[in-house]
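Enquirer: Quick note on my numbering: the sequence shown kicks off at -16 and runs consecutively.
Structure provided below as structure tokens; questions to follow.
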Amino acid sequence: MPSRLASPAARRYTRALVRRLTAYPVLAGRAARRYYRTGLKMRFEHLGGFMQDSTNGSRAPSLIQALMPLFFLIVGLALSVHLYGENSSYGANQIVLLLAAGIAGLVGIRNGLRWSDIENAFVHGISVATGAMFILFAVGALIGSWILAGIVPTLIYYGTELLAPSFFYPAACVICAIVGLTVGSSWTVAGTLGVALIGVSQGLGLSPAITAGAIISGAYFGDKMSPLSDTTNLAPATAGSDLFEHIRHMAWTTLPSLILALILFTVFSLGAEPSGDGGSFAELDEVLTTQFNIGLHLLLPLLVVFVLALRKVPALPTITVGALLGAVFAVIFQPEQTMRLAGNPELSSGMAQLGGAWHALFDGFSVETGNEAVDSLLSRGGFNSMINTVGLIMCAMAFGAVMERTGLLERLARAVLSAVKSTGSLITATLATAIGCNIVAADQYMAIVLPGRLYRAEFRKRGLAPVNLSRALEDAGTLTSPLVPWNTCGAYMAATLGIATSAYLPYAFFNLLNPLIAAAMAYAGFRIIRQQPAATEAEDVAR
């Protein structure tokens, strides 16, 4: 790097950059480190622009300017849902997000940024979500190959035998919670057990939407409380607290939320009656045994995926291995279905098997059994099924990145902080900011990092221990992410489970209750850990 910069403004920017970099916490977790490496690279690219004596600063945005793109986004998304309902995520929402990003970009240019700054923000925002996009593609391939291989049909077959309607919803929540604790990944739970449990619920004539709520509640409980989870590592690292102290402190808000959720799921189960579609699934077991060779040996790929997750193998290679194992098992144990899926009787047996397995990976599985409900259940998956969802994530991340680059997100957060008076209002403001980041920035990592960075000094100033901040970041940042349709997590859950976010949102009881309980405890002053002023000063000196 050249030792002399092009202007005094560039030198001021460099000094500010150094101060900002030294303020970053030491992060734990692969995703957190990757996120910040990308962010630091982006900032040094901006520094290179300064050294070339290009536009070197911008005015701070006003509150009205910060609210403009947000107001447009809310109105646009409301109109999109009104006009297109559950289909709003198939293009209409993407247009709204891009237009809102354009408005935010125009505000930034009005305040002195260059168009290249806005373009770089687009690139940076999309690059942050690249890992999630490839995981989505891998999950689509996994679903297709696992249905063809008989893995999902086997789980559905035995699930309908073991899980009765009278306790199905709480049982699904508990099963997903246990597995989530074990593997530390809500996405892995939803992409494997979740898909099968949706099928079981349809086979029993129960509500897929309530089942999706139970799956997400259990999966996110496990994800939140597992030391293997990226977000569980990221929150204490951002706040400056200890990982296991953070997990113990979260139990005070998390366990009551789970208990209340299980009570609600039990109430829904006790009153559950087979829906109108239940009759269509009455012959499900017969259809499954006719179309597939069912057996417990087919669950081996599921076991492999869980073992890889336990050994902390990253999600993308873990799910990819599971998808490829599914293709291999399809060729070995479901040869007739595999050759049928190839759709070319002129191919030799070997090539037809290869073509069928390949087809399941990129275009999913499809079947015509004569039972429309069963066909709808089994005909899904494939790389191509995730393209629309990836497009939604790209547009959402671009909008969030422009909002951050133009300073509009920070301005909105400062407006919230200016109204904070008490400890309860500070923690509630943190919860609200994390939820807002999930809506605006469309990424749960942003919903943890940005509020943590904005409020960390205020928590120290008020003598509040860092675990109060890290718990609030997870109570809202982690748990509300699957409730936003265009958030990476909401888009993933909807695409993977095949249930629209708006449909399962009212039943994701754990995710809805936890932020409310956290806010109530904050105002009541219950389990709020404080630091002595001397300890706070010593911490500041140490940093």
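Glycine included, each C-beta is placed from N, C-alpha and C at the ideal position.
Taking 8 Å as the cut-off, decide whether the C-beta atoms of A430 and L392 are in contact.
Expert: Taking the sequence shown and counting its residues from 1, one reaches residue 430 at position 447. Taking the sequence shown and counting its residues from 1, one reaches residue 392 at position 409. It is not a contact, given that the beta carbons lie outside the stated cut-off.
Enquirer: With a cut-off of 8 Å, do at least 3 Cβ pairs link the stretch 132 to 144 to the stretch 269 to 281?
Expert: yes
Enquirer: So, helix, strand or coil for L447, using DSSP?
Expert: Taking the sequence shown and counting its residues from 1, the one referred to as residue 447 is at position 464. Correct three-state label for L447: strand.
Enquirer: When you compare each of Y203, F509, S168, S45 to C156 by their alpha carbons, which one comes out closest?
Expert: Position 173 of the sequence shown holds residue 156. The candidate whose alpha carbon is nearest that of C156 is Y203.
Enquirer: May I ask which residues mark the beginning and end of the alpha helix (DSSP H) holding K295?
Expert: Reading the sequence shown from its first residue, position 312 is the one you call residue 295. Looking at the DSSP string, K295 is not in any alpha helix (DSSP H), and its letter there is neither H nor E.
Enquirer: By the DSSP assignment, the alpha helix (DSSP H) with R394 in it spans what residues?
Expert: As a working mapping, residue 394 is identified with position 411 in the sequence shown. Run containing R394: 391 to 401, per the alpha helix (DSSP H) assignment.
Enquirer: By Cβ distance below 6 Å, which residues in the same chain neighbour A124 in space, the five residues on each side in sequence not counted?
Expert: As a working note, residue 124 is residue 141 in the sequence shown. Within the same chain, A124 has close Cβ partners A306, L344, F366.
Enquirer: Relative to the C-alpha of R443, which residue among I422, I512, T411 is closest?
Expert: Locating residue 443 in the sequence shown gives position 460, counting from the first residue. Comparing Cα positions, the closest option is I512.
Enquirer: With 16 other CB atoms within 10 Å as the buried threshold, where does M504 fall?
Expert: The residue given as residue 504 occupies position 521 in the sequence shown. Around the beta carbon of M504, 16 or more other beta carbons lie within 10 angstroms, which makes this residue buried.
Enquirer: Cα separation between Y417 and A459?
Expert: Locating residue 417 in the sequence shown gives position 434, counting from the first residue. Locating residue 459 in the sequence shown gives position 476, counting from the first residue. According to the sequence shown, residue 417 is Ala rather than Tyr. Going by the C-alpha atoms only, they are around 6 Å apart.
Enquirer: To the nearest angstrom, how far is it from the Cα of L299 to the Cα of R97?
Expert: Walking along the sequence shown from the start, residue 299 turns up at place 316. Walking along the sequence shown from the start, residue 97 turns up at place 114. Taking the straight line joining both Cα atoms gives about 36 Å.
Enquirer: My output table needs one value for R513: the three-state DSSP class, helix, strand or coil.
Expert: Taking the sequence shown and counting its residues from 1, the one referred to as residue 513 is at position 530. Residue state, collapsed to three classes: strand.
Enquirer: Evaluate P328 with the Cβ neighbour count: other Cβ atoms within 10 Å of its Cβ, from every protein chain shown; 16 or more gives buried, anything less gives exposed.
Expert: As a first step, residue 328 is located in the sequence shown; it is residue number 345 there, counting from the start. Result: exposed.
Enquirer: If you drop the 5 nearest sequence neighbours on each side, which residues of the same chain put their C-beta closer than 6 Å to that of T214?
Expert: Numbered from its first residue, the sequence shown carries residue 214 at position 231. Cβ within range, chain order: T461.
Enquirer: Decide if H107 is buried, meaning its Cβ has at least 16 other Cβ atoms within 10 Å, or exposed.
Expert: Residue numbering aside, residue 107 sits at position 124 when the sequence shown is read from its first letter. For H107, the number of other beta carbons within 10 angstroms of its own is at least 16, and it is reported as buried.
Enquirer: Going by beta carbon distance, what residues of the same chain come within less than 6 Å of V587, once the five residues before and after it are set aside?
Expert: There is simply no residue 587 to check, as the chain begins at -16 and stops at 526 in what is shown.
Enquirer: Just to confirm the assignment, what range does the alpha helix (DSSP H) spanning D213 have?
Expert: Looking up residue 213 in the sequence shown gives position 230. From DSSP, the alpha helix (DSSP H) with D213 extends over 213 to 222.
Enquirer: Could you spell out the range, first to last residue, of the alpha helix (DSSP H) harbouring E144?
Expert: Residue numbering aside, residue 144 sits at position 161 when the sequence shown is read from its first letter. Start and end: 134 to 145.
Enquirer: Have a look at F54 and A197 and give me their C-alpha separation to the nearest angstrom.
Expert: Mapped onto the sequence shown, residue 54 falls at position 71. Mapped onto the sequence shown, residue 197 falls at position 214. Spanning the two alpha carbons is a distance of roughly 32 Å.
Enquirer: Using 8 Å as the cut-off, can you tell me whether the stretch 469 to 485 makes contact with the stretch 115 to 130, which would need three or more C-beta pairs spanning the two stretches below that distance?
Expert: Yes: at least three Cβ pairs fall under 8 Å.
Enquirer: Taking only three categories from DSSP, how would you classify T463?
Expert: Here the question's residue 463 lines up with position 480 in the sequence shown. The answer is coil: DSSP assigns T463 none of H, G, I, E or B.
Enquirer: Just to confirm before moving on: does the CB-CB distance between H229 and A218 stay below 8 Å?
Expert: The residue you call residue 229 lines up with position 246 of the sequence shown. The residue you call residue 218 lines up with position 235 of the sequence shown. Cβ distance < 8 Å, so H229 and A218 count as in contact.
Enquirer: The alpha helix (DSSP H) that contains E540, what's its start and end?
Expert: Because the chain in this structure spans residues -16 to 526, residue 540 falls outside the shown range and cannot be described.
Enquirer: So, is E457 buried or exposed, given that buried needs 16 or more other C-beta atoms within 10 angstroms?
Expert: Here residue 457 is taken as the residue at index 474 of the sequence shown, counted from 1. Buried: at least 16 other Cβ atoms inside 10 Å.
Enquirer: Please determine if the stretch 356 to 375 and the stretch 282 to 290 are in contact, where contact requires at least 3 C-beta pairs separated by less than 8 Å.
Expert: no
Enquirer: I need the boundaries of the alpha helix (DSSP H) containing R231, first residue and last residue.
Expert: Counting from one through the sequence shown, the residue named residue 231 turns up at place 248. Counting along the chain, the alpha helix (DSSP H) containing R231 begins and ends at 226 to 253.
Enquirer: When burial is assigned at 16 or more other CB atoms within 10 Å of the CB, is R294 buried or exposed?
Expert: The residue given as residue 294 occupies position 311 in the sequence shown. When all chains shown are included, R294 counts as exposed.
Enquirer: Can you grab the Cα-Cα spacing for the pair P297 / G201, in whole Å?
Expert: Counting from one through the sequence shown, the residue named residue 297 turns up at place 314. Counting from one through the sequence shown, the residue named residue 201 turns up at place 218. Their backbone Cα atoms lie some 21 Å apart in a straight line.
Enquirer: Only counting the same chain, and skipping five residues up and downstream in sequence, which positions put a Cβ closer than 8 Å to that of R445?
Expert: Taking the sequence shown and counting its residues from 1, the one referred to as residue 445 is at position 462. For R445, where only same-chain residues beyond five positions count, the Cβ hits under 8 Å are T406, L409.
Enquirer: Just to confirm the assignment, what range does the alpha helix (DSSP H) spanning H65 have?
Expert: By 1-based counting over the sequence shown, the position of residue 65 is 82. Its alpha helix (DSSP H) spans residues 46 to 67.
Enquirer: Provide the residue span of the alpha helix (DSSP H) that contains I482, from first to last.
Expert: The residue given as residue 482 occupies position 499 in the sequence shown. It is not in any alpha helix (DSSP H) - I482 carries neither H nor E in the DSSP assignment.
Enquirer: I'd like the span of the alpha helix (DSSP H) that includes R93, first residue to last.
Expert: Position 110 of the sequence shown holds residue 93. Counting along the chain, the alpha helix (DSSP H) containing R93 begins and ends at 75 to 93.
Enquirer: Give me the residue from L267, L82, Q320, N94 with the minimum Cα distance to A335.
Expert: Reading the sequence shown from its first residue, position 352 is the one you call residue 335. Among L267, L82, Q320, N94, the Cα nearest to that of A335 is on Q320.
Enquirer: Report the rounded CA-to-CA distance for V172 versus I101, giving the unit in angstroms.
Expert: Within the sequence shown, the letter at position 189 stands for residue 172. Within the sequence shown, the letter at position 118 stands for residue 101. Their backbone Cα atoms lie some 37 Å apart in a straight line.
Enquirer: Taking the continuous alpha helix (DSSP H) assigned at S332, which residues delimit it?
Expert: The residue labelled residue 332 in the question sits at position 349 within the sequence shown. Unbroken alpha helix (DSSP H) run through S332: 332 to 346.
Enquirer: Between L50, P468, L395, N451, which has its C-alpha nearest L433's C-alpha?
Expert: For the purposes of this step, residue 433 is identified with residue 450 of the sequence shown, where counting begins at 1. Checked all of L50, P468, L395, N451; the closest Cα to L433 is L395.
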